[in-house]
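Residue numbers (full-length UniProt numbering): 1 to 109.
Every residue, glycine too, gets a C-beta built ideally from N, C-alpha and C.
Before any comments, here is the structure.
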Amino acid sequence: MITMHLHYTGPADNAHAFAQEMEASGISDRIRQQAGNTRYQYFAPLDDPHSILLVDSWTDQTALDIHHASPMMQEILDLRSKYQLTVTAERYQSDEAGIPERDKDFLQR
């Protein structure tokens, strides 16, 4: 599993408006329907009113590559431009071995 953390930042409340338009326009739902997408969800950091975090997860690189080649990417780029956003990305790959026993003590189940 590949998970991307995309940090969108812009002037005023533009990042929030961007996320709202992504949801209202149906772009987010279309992405969620793509083969291999397991999560596409926006979060608002409490300490930064000018930013939005997108957590975007895919089963594998092939699914992510297909998404990147889809027409939706241009729609996203157009909205980023409309809202004057910059984006930084962090990429994570799941640990297939799972959570070590010594770390499970810190999880509430």
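Are the CB atoms of Asp13 and Pro49 nearer to each other than 9 Å?
Residue mapping note: residue 13 aligns to position 13 of the sequence shown, counting from 1. Residue mapping note: residue 49 aligns to position 49 of the sequence shown, counting from 1. Their beta carbons are under 9 Å apart, which means Asp13 touches Pro49 by this criterion.
Put Ile31 into one of helix, strand or coil per three-state DSSP.
Numbered from 1 along the sequence shown, position 31 holds the residue referred to as residue 31. Ile31 falls in the helix class under three-state DSSP.
On the criterion of 16 or more Cβ atoms from any shown chain inside 10 Å, does Leu85 qualify as buried, or is it exposed?
Your numbering for residue 85 matches position 85 in the sequence shown. Burial call: buried.
Restricting to runs no shorter than 4 residues, where is the alpha helix (DSSP H) found entirely within the UniProt domain "ABM" (2-93)?
Segments of the alpha helix (DSSP H) lying fully in the UniProt domain "ABM" (2-93): 14-24, 27-32, 61-68, 72-82.
Can you find the residues in the same chain that come closer than 6 Å, C-beta to C-beta, to Gly36, ignoring five residues on each side of it along the sequence?
For the purposes of this step, residue 36 is taken as the residue at position 36 of the sequence shown. Once the five neighbours on either side are set aside, the close Cβ partners of Gly36 are Trp58, Thr59, Ala63.
Determine the closest residue to His68 out of Pro100, Ala19, Gln34, with distance taken between C-alpha atoms.
Here residue 68 refers to the residue found at position 68 of the sequence shown. Residue Gln34 is the option with its Cα nearest to His68.
According to the neighbour-count rule (16 or more other Cβ atoms, all chains shown, within 10 Å of its Cβ), is Met73 buried or exposed?
Sequence index remark: in the sequence shown, residue 73 carries index 73 (1-based). With fewer than 16 other Cβ atoms within 10 Å, it is exposed.
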